[in-house]
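Undergrad: Per the numbering used here, the sequence shown starts with residue 27, numbered consecutively.
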Amino acid sequence: MFRLDKRKIFLLYRYYLLDNVTKIENEYDEERIIWLNKFNTKKKYLEERIGVNLKRTFTFSCLPPLEKAILTYSGYEMLFNQNFGYERMIIDQTINFSKAYLEEEKYKYINKVLDLLLNKKKL
């Protein structure tokens, strides 16, 4: 069963704010840093896959740091973290998280991007 890890989302949020892993390495436990380093090996791929699912007027680099963190965390969990079969649960929990932490209506495009990412995964 999948459970959304808010701490990892906030770790990615800090990562996108500072744009540097080494600046936050001393602030987190070794387990989180190991996870972040694994994530970092897939970061470019995830950002590209997410970017092609955004509206034409948006690019991934233009997104606010928290939205980047939410999308890449969920994308990583769906595509790389052995959570096969739990993709719908990942999306549902991400939407609930987005409703709590993002501006109104932002959760809708998060949902759309993750759905597109999931549908392309199945191809």
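Virtual Cβ for every residue (Gly too), placed ideally from N, Cα, C.
Every value quoted in this text rests on a predicted model; they were computed, and no experiment measured them.
1) If you run the structure through DSSP and keep just helix, strand and coil, what is I50?
2) For the segment 64-74 and the segment 97-110, state whether three or more C-beta atom pairs, one from each stretch, are separated by less than 8 Å.
3) Using CA atoms only, rank isn't needed, just tell me which of N46, L144 and I121 is closest to F110.
4) Unbroken beta strand (DSSP E) runs of length 3 or more, entirely within the segment 44-104: which are they?
5) Could you give the C-beta distance for I35 and A95, rounded to a whole number, given that I count them as a contact under 8 Å?
6) Please say whether S100 and L62 have beta carbons closer to each other than 8 Å?
7) Using the Cα positions of E113 and E130, report the straight-line distance between them to the nearest angstrom.
8) Measuring alpha carbon to alpha carbon, tell me which of A126, K81, I116 and E53 ends up nearest T98.
9) Could you work out which residue in K147, S124, K138 and Y135 is closest to K32 when comparing CA atoms only?
10) What is the DSSP secondary structure of M115, reduced to helix, strand or coil?
11) Could you say which of I121, K146 and T83 lies nearest to N137 if we only look at CA atoms?
12) Can the beta-carbon of V47 be found less than 8 Å from the beta-carbon of Y54?
TA: The relevant details are as follows:
1) Counting from one through the sequence shown, the residue named residue 50 turns up at place 24. DSSP places I50 in coil when its eight states are reduced to three.
2) Between the segment 64-74 and the segment 97-110, the count of C-beta pairs closer than 8 Å reaches three or more; the two stretches touch.
3) To locate residue 110, count along the sequence shown from 1; it is residue 84. Considering only alpha carbons, the answer is L144.
4) None, since the segment 44-104 contains no complete beta strand (DSSP E) of that length.
5) Against the sequence shown, residue 35 aligns to sequence position 9. Against the sequence shown, residue 95 aligns to sequence position 69. About 5 Å; that satisfies the 8 Å criterion.
6) Taking the sequence shown and counting its residues from 1, one reaches residue 62 at position 36. Taking the sequence shown and counting its residues from 1, one reaches residue 100 at position 74. Taking 8 Å as the Cβ cut-off, L62 and S100 do not qualify as a contacting pair.
7) As a working mapping, residue 113 is identified with position 87 in the sequence shown. As a working mapping, residue 130 is identified with position 104 in the sequence shown. Whole-angstrom Cα-Cα distance: 24 Å.
8) Residue 98 sits at position 72 when you count from the first residue of the sequence shown. Nearest of A126, K81, I116 and E53 to T98, Cα basis: I116.
9) For the purposes of this step, residue 32 is taken as residue 6 along the sequence shown, with counting starting at 1. Just measuring C-alpha positions, the residue of K147, S124, K138 and Y135 sitting nearest K32 is S124.
10) Within the sequence shown, the letter at position 89 stands for residue 115. The answer is helix: DSSP assigns M115 an H, G or I state.
11) For the purposes of this step, residue 137 is taken as residue 111 along the sequence shown, with counting starting at 1. Nearest in C-alpha terms to N137, of all of I121, K146 and T83, is I121.
12) Here residue 47 corresponds to residue number 21 of the sequence shown, with the count starting at 1. Here residue 54 corresponds to residue number 28 of the sequence shown, with the count starting at 1. No, the Cβ-Cβ distance between V47 and Y54 is not below 8 Å.
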